[in-house]
Amino acid sequence: MSAVKTVGFIFGAALSINAMAADFSFDRPGAGMGTGITPVGKLAWEQALPSANYNETMVNGEKQKTVTLNGDMLFRTGLAKDLELQLGWQGPAWSKVKRAGQSVEEDGLGDVSIGIKKAIDLDDDKLSMAVAAEAILATGNDGFSNDDDIYSISSAVAYDFSDLISTSITMRYEVQDSNWAVTAVPTIEYKIADKWSGFSELVYRKVESEPYQYSLGSGVIYALNTRMQLDASVGVDLNGKDKSYQSGLGVSFLF
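Using mature numbering (1 follows the signal peptide of the UniProt record, and there is no 0), the letters of the sequence shown map in sequence onto residues -21 to -1, 1 to 234.
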């Protein structure tokens, strides 16, 4: 949903083993996609508080540090038992670039997205699957937009080993201005204690004519009740000489 996502890490979509209902789970946090579908007549609101990205690189022999914050959000509503509509917005954003003792701050609004997700019935109590189609529309301000629309198709398969451990893998194929990209996100989710659960994931991404990108992420989830959860996550990019880190806080509601 956000520009941070498009470079390899996203906070925002691992399966939570603290599912709000048997066929529903929030898509925050993480880079993958959950297989749960929002019940018909219900609205899920998933909000970053905010998402953050830190990047450190060398420009003309000078160290440049960039900090970006954005309050991305996702709304999901059930259209049928196995189908949901998703509306997203990268939200308000702020960035600060510091180099050679000088800094520049900017703020603006991010892109919007619309998508459809459908659950696939595999007739298995432990195995679940979903597919999704999404369009990210480059409606944001300069510096906070993807510049060109992005169209993608994603699939996710999840397997519950037990009440304590589950795994999933998400595959995402996208095209932007005739350039293709593929992202794979294997994830493991685990129960920690009572209302606490966690996840760890590897994000692999390959953009046409660009080097491979890798990142690691991990986070915790606290389910306040059956309709609300809090989350916190961190991540690090593993490619290149640049230092790049991500973090995020979020809250999700089911109305």
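Glycine included, every Cβ here is placed at the ideal spot set by N, Cα and C.
| Check | Outcome |
| --- | --- |
| Distance cut-off 7 Å: residue 22 Cβ against heavy atoms of the ligand ADP | Judged by which ligands are present, the structure shown has none, so any question about the ligand ADP falls away. |
| Nearest-angstrom Cα separation, counted from residue 154 out to residue 248 | No answer is possible for residue 248: it lies beyond the span of the chain, which begins at -21 and ends at 234. |
| CB of residue 87 within 8 Å of CB of residue 70, strictly | no |
| Coarse secondary structure for residue 230, derived from DSSP in three states | strand |
| Rounded straight-line distance, which links the Cα of residue 20 to that of residue 235 | Shown here, the chain extends from -21 to 234; a query on residue 235 therefore has no answer. |
| Whole-Å CB distance - residue 24 paired with residue 197, under 8 Å assumed | Residue 24 to residue 197, Cβ: 24 Å. No contact. |
| Any beta strand (DSSP E) of 3 or more consecutive residues that is wholly inside the stretch 15 to 71 | 22 to 38, 41 to 49, 52 to 59, 62 to 68 |
| Three or more C-beta pairs below 8 Å linking the stretch 37 to 47 and the stretch 88 to 103 | no |
| Nearest candidate by alpha-carbon position, reference residue 138, set 201, 181, 169 | 169 |
| Segment contact flag, the stretch 52 to 61 with the stretch 79 to 86, C-beta cutoff 8 Å, min 3 pairs | no |
| First and last residue of the uninterrupted beta strand (DSSP E) at residue 108 | 106 to 116 |
| Close beta carbons around residue 167, own chain, < 6 Å, minus the five adjacent residues each side | 146, 179 |
| Rounded straight-line distance, which links the Cα of residue 220 to that of residue -1 | Low confidence applies here, because residue -1 scores a pLDDT of 37, under 50, leaving its location unreliable and the question unanswered by this model. |
| Member of 123, 188, 151, 128 whose CA lies at the smallest distance from the CA of residue 134 | 151 |
| With 16 other Cβ atoms within 10 Å as the buried cut-off, status of residue 188 | exposed |
| Candidates 34, 50, 125, of which the one nearest residue 222 by Cα | 34 |
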